[in-house]
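Protein chains in written order, with my numbering: chain A, 39 to 268; chain B, 8 to 458.
Even for Gly, the Cβ is constructed at its ideal location relative to N, Cα and C.
The next block holds one structure in the form of structure tokens; read it before the comments.
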Amino acid sequence: MLSKSAARAFFLSGTLLFGAVFIWLTVDTFQRIPAQTNAGDLNESVVRGKHIWEENNCMGCHTLLGEGAYYAPELTRVYDRRGPAFIAAMLKDPEAVYPGQRRMVKYDFNEEQISDMIAFFEWIGRMDLNGFPPEPTIGMAAAAIAIPGGERPQVFTQICTACHSLGGVGGTIGPALDGVGDRFDRGYLMRWITDPQAVKPGTQMPKLELTEEQRNEVVIFLSKQREAGL
Amino acid sequence: MKYQSQKVAYWFFATCMLLLSLQLIMAFAHSGFDVLHPWIPFNVARASHNNLLVMWLLAGFMGAAYFIIPDECERPLYWPRLAYVQLIALVVVGVTAIIGFHFGWWEGRKFLEIPRPLDYLVVVDVLLFVANIGMTIWKAPKMTTTSIVLFFGLLMAALLYLPGMIPTDHQTHDAFWRWWVVHLWVEGVWELIMGAILAYLLIRLTGVDREIVEKWLYVIVGFTFLSGILGTGHHYYFIGTPSYWLWIGGIFSALEPLAFLGMAIYGVALAKKGGRNHPNRMALFWTVGCCIMSFVGAGLLGFAHTLPQVNLFTHGTLVTAMHGHMAFWGAYAMLVLAIMTYALPLLTGRKLFDTPSASYAFWSTNIGMVCMTVAFGVAGVAQVYLERRAGMEFLDVQRELKVHFIGLILAASLFTSGIIAFIYNFIRYGLPVGEVEESVSAGAAAAAPAE
Numbered sequence: 039m040l041s042k043s044a045a046r047a048f049f050l051s052g053t054l055l056f057g058a059v060f061i062w063l064t065v066d067t068f069q070r071i072p073a074q075t076n077a078g079d080l081n082e083s084v085v086r087g088k089h090i091w092e093e094n095n096c097m098g099c100h101t102l103l104g105e106g107a108y109y110a111p112e113l114t115r116v117y118d119r120r121g122p123a124f125i126a127a128m129l130k131d132p133e134a135v136y137p138g139q140r141r142m143v144k145y146d147f148n149e150e151q152i153s154d155m156i157a158f159f160e161w162i163g164r165m166d167l168n169g170f171p172p173e174p175t176i177g178m179a180a181a182a183i184a185i186p187g188g189e190r191p192q193v194f195t196q197i198c199t200a201c202h203s204l205g206g207v208g209g210t211i212g213p214a215l216d217g218v219g220d221r222f223d224r225g226y227l228m229r230w231i232t233d234p235q236a237v238k239p240g241t242q243m244p245k246l247e248l249t250e251e252q253r254n255e256v257v258i259f260l261s262k263q264r265e266a267g268l
Numbered sequence: 008m009k010y011q012s013q014k015v016a017y018w019f020f021a022t023c024m025l026l027l028s029l030q031l032i033m034a035f036a037h038s039g040f041d042v043l044h045p046w047i048p049f050n051v052a053r054a055s056h057n058n059l060l061v062m063w064l065l066a067g068f069m070g071a072a073y074f075i076i077p078d079e080c081e082r083p084l085y086w087p088r089l090a091y092v093q094l095i096a097l098v099v100v101g102v103t104a105i106i107g108f109h110f111g112w113w114e115g116r117k118f119l120e121i122p123r124p125l126d127y128l129v130v131v132d133v134l135l136f137v138a139n140i141g142m143t144i145w146k147a148p149k150m151t152t153t154s155i156v157l158f159f160g161l162l163m164a165a166l167l168y169l170p171g172m173i174p175t176d177h178q179t180h181d182a183f184w185r186w187w188v189v190h191l192w193v194e195g196v197w198e199l200i201m202g203a204i205l206a207y208l209l210i211r212l213t214g215v216d217r218e219i220v221e222k223w224l225y226v227i228v229g230f231t232f233l234s235g236i237l238g239t240g241h242h243y244y245f246i247g248t249p250s251y252w253l254w255i256g257g258i259f260s261a262l263e264p265l266a267f268l269g270m271a272i273y274g275v276a277l278a279k280k281g282g283r284n285h286p287n288r289m290a291l292f293w294t295v296g297c298c299i300m301s302f303v304g305a306g307l308l309g310f311a312h313t314l315p316q317v318n319l320f321t322h323g324t325l326v327t328a329m330h331g332h333m334a335f336w337g338a339y340a341m342l343v344l345a346i347m348t349y350a351l352p353l354l355t356g357r358k359l360f361d362t363p364s365a366s367y368a369f370w371s372t373n374i375g376m377v378c379m380t381v382a383f384g385v386a387g388v389a390q391v392y393l394e395r396r397a398g399m400e401f402l403d404v405q406r407e408l409k410v411h412f413i414g415l416i417l418a419a420s421l422f423t424s425g426i427i428a429f430i431y432n433f434i435r436y437g438l439p440v441g442e443v444e445e446s447v448s449a450g451a452a453a454a455a456p457a458e
């Protein structure tokens, strides 16, 4: 039967061996991190963004690289998913973007701080994360259902789908947009997107800072959403 | 109680009770319904909840060490007054940190939110504590394995706090070092502390031969480090580190439950084998309960989402919260409550061993925690399918999960009622008595020699 000194030897040798291996792997990892994370793109703006991220304990609600709290959305790929315009709008006034939803602290960030945060998210979003976050495979089957209007403009998939769904994909905060082209003409859609409050005072739809070109893209795309058009 | 200086343990335990109450208040302040948002945003409640946990567990470990080490080493503490100074310093730093969180004075790094100037004070405080324990052992007529393992665990815990303070501008480096602290604490050196405290309790409560208990203590902590050190890799899957961590982390963290399984078997087997009927049955309940719940919470539920193929989908979801709650409860909270239940009658001289409120505290906290784990688990798995697999929007998914949070709050209320019963019991014991109780300490010491 195992003696106490043998048990102690097992403990000490195992600890020393695996401790040494761990330190060696740590050294190796640090040599590989720069290539995997595009450390060359780590400019001052990104670093300032990281510090804003920490000073406000953003990971006390959100996750980044899957780490943090589970109260607010994962932000690793937020730059691709929502784009800079949405992030800026959200950082300026979260409740204007998601009225009546789970609340985020309204920080009084200035323009420079917002652009630092966006730079930080863009840098994080380009890291090679060994496959994280995974692409949703079941939902993509629904998205493959033919939608009229051709390819969805980027501004639509990044911003509009945060609240609205089309073909079963997207948020449920605002109404679904299937067949919206049957209900409204282009002129109305343009006025609506440009200033929702002017069309329907008291609406929860936020006024989004889109460019003229983006507004045109969205309006043309939406006006093609006709049930008969399929 | 053998020595006057052990009395300081009582005040550490009282601190635990206070911090634990605050931790529960912070949990209810934000459990998925944000009416309190304008005053206590979620990130404040969460930072307070986590740091209060760490602090009360550390206070518990310190109290345990101040109680156990003189008993094991058969001599009083080397610097009895320093222990009080060090307790006051710990409370001041802790309270300052928690108040600071509410005014945005923090670091915003999960589990290590305490701001940098206070970090240094924590390190100084813990080193003073380790020095006090170390000198007591060093000057002792007798050095036991249990006390050496406990000392080594505490020392390493203090040293491993340092990597978390390495300054960096790179998010991956930041996360990498943060896990050196958090993982190597809870799945490494804290398990040494846990193993040593359990060994002490099992020797005292069951009367099984010290040689046998301490031999298995080495085997268990051996497995802990064998699996746990490289098991850190399960935090390095998706943070911008090389892909070899996927298989290193996967394999070694799959071995991590072995140490907890060992502890569960060891606790149950020794409790059965021990012929001695120790009057403090509740202490044995908490001790064996700790062995079992840590295996379920830390071992099994940890394993449930540690493999990279699974973790790819569960990483950063409520599944982690499911594992986290039961693991910390089973492994560390129950451990501190076990040593408190054992030590209180000895410290206060009042033998309130098997009261109804003590039983209620044990059963309702454990049943409550199991139910909370189920609620988190169901919510977490639903979140994985809706958000990660079906691609639904985060906020839409959270609305779907609301019903599980109602279940969670009900379970948490049951759990809290148990903690209230525990605190009620703690208060009933009253303050520690002045004199050293010969009869109790003689009884406890008699457990040490071979049967």
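Interface residues of chain A around residue i at Cβ under 8 Å?
{"i": "K222/B", "result": "L40, S41, K42, A45"}
{"i": "A418/B", "result": "Ordered by position in chain A, no residue passes the 8 Å Cβ test against A418/B, which lies about 17 Å from the chain."}
{"i": "E218/B", "result": "K42"}
{"i": "Y225/B", "result": "K42, A45, R46, F48, F49"}
Counting only beta-carbon separations shorter than 8 Å, does residue i have a partner in chain A?
{"i": "S301/B", "result": "no"}
{"i": "Y244/B", "result": "yes"}
{"i": "T324/B", "result": "yes"}
{"i": "D403/B", "result": "yes"}
{"i": "A54/B", "result": "yes"}
{"i": "F335/B", "result": "no"}
{"i": "P48/B", "result": "yes"}
{"i": "A452/B", "result": "Residue placement at A452/B is poorly supported in this model, since its pLDDT is 45, which falls under 50; the coordinates are not used for a value here."}
{"i": "A382/B", "result": "no"}
Along chain A, which residues have their Cβ under 7 Å away from the Cβ of residue i?
{"i": "H4/B", "result": "Within the shown structure, residues of chain B are numbered from 8 to 458, placing residue 4/B beyond reach of any answer."}
{"i": "E114/B", "result": "E92"}
Could you name the residues of chain B that residue i contacts, counting a contact when the two beta carbons are closer than 7 Å?
{"i": "C96/A", "result": "G115"}
{"i": "N168/A", "result": "Y244, F245, S250, L253"}
{"i": "L80/A", "result": "D176, H177"}
{"i": "V85/A", "result": "D176"}
{"i": "G52/A", "result": "G229, F232, L233"}
Counting contacts by CB-CB distance shorter than 8 Å, is residue i in contact with chain B?
{"i": "K144/A", "result": "no"}
{"i": "M165/A", "result": "yes"}
{"i": "F159/A", "result": "no"}
{"i": "R3/A", "result": "Lying outside 39 to 268, the shown extent of chain A, residue 3/A is not represented and no answer is given."}
{"i": "Q242/A", "result": "no"}
{"i": "E112/A", "result": "yes"}
{"i": "K88/A", "result": "yes"}
{"i": "E189/A", "result": "no"}
Would you mind sorting residue i into buried or exposed? The rule is 16 or more other CB atoms within 10 Å of its CB.
{"i": "M150/B", "result": "exposed"}
{"i": "I144/B", "result": "buried"}
{"i": "R357/B", "result": "exposed"}
{"i": "K144/A", "result": "exposed"}
{"i": "Q235/A", "result": "exposed"}
{"i": "T22/B", "result": "buried"}
{"i": "E221/B", "result": "buried"}
{"i": "W254/B", "result": "exposed"}
{"i": "T46/A", "result": "The sequence shown places Arg at residue 46/A, rather than the Thr named in the question. Buried: at least 16 other Cβ atoms inside 10 Å."}
{"i": "W336/B", "result": "buried"}
Please compile the residues from chain B whose C-beta is within a distance smaller than 9 Å of the C-beta of residue i.
{"i": "Y136/A", "result": "L402"}
{"i": "L260/A", "result": "Simply none; closest approach about 19 Å."}
{"i": "I211/A", "result": "E400, L402, D403"}
(request) Could you name each continuous beta strand (DSSP E) segment of 3 residues or more that falls completely within the segment 68–152 of chain A, going from the start of the chain to the end? (result) none
(request) Would you check if the segment 10–27 of chain B and the segment 68–85 of chain B touch, i.e. whether three or more CB-CB distances between them fall below 8 Å? (result) yes
(request) Would you list, in sequence order, the uninterrupted alpha helix (DSSP H) runs of no fewer than 4 residues that lie entirely inside the segment 229–313 of chain B? (result) 251–280, 288–301, 308–311
(request) Check whether the segment 183–192 of chain A touches the segment 376–392 of chain B, counting contact only when three or more Cβ pairs, one atom from each stretch, lie closer than 8 Å. (result) no
(request) Say whether the segment 133–143 of chain B touches the segment 161–179 of chain B, bearing in mind that this needs 3 or more beta-carbon pairs closer than 8 Å, one atom from each stretch. (result) yes
(request) Indicate whether the contact test is met: 3 or more Cβ pairs, each with one atom in the segment 155–169 of chain A and one in the segment 67–86 of chain A, closer than 8 Å. (result) yes
(request) Kindly confirm or deny that the segment 391–403 of chain B and the segment 241–254 of chain A touch, where touching means at least three C-beta pairs closer than 8 Å. (result) no
(message) Pairs of beta-carbons, one from the segment 341–356 of chain B and one from the segment 429–439 of chain B, closer than 8 Å: are there three or more?
(response) yes
(message) Would the segment 249–258 of chain A count as touching the segment 57–69 of chain B if we require 3 or more Cβ pairs under 8 Å?
(response) no
(message) Three Cβ pairs or more, each shorter than 8 Å: is that satisfied between the segment 271–290 of chain B and the segment 133–150 of chain A?
(response) no
(message) Does the contact criterion of 3 or more C-beta pairs under 8 Å hold for the segment 357–377 of chain B versus the segment 313–328 of chain B?
(response) no
(request) Could I get the ranges of all uninterrupted alpha helix (DSSP H) runs contained in the segment 326–410 of chain B, with 4 residues as the minimum, in chain order? (result) 341–355, 363–390
(request) Examine the Cβ distances between the segment 203–215 of chain B and the segment 163–179 of chain B and report whether three or more of them are shorter than 8 Å. (result) no
(request) Say whether the segment 48–66 of chain B touches the segment 26–38 of chain B, bearing in mind that this needs 3 or more beta-carbon pairs closer than 8 Å, one atom from each stretch. (result) yes
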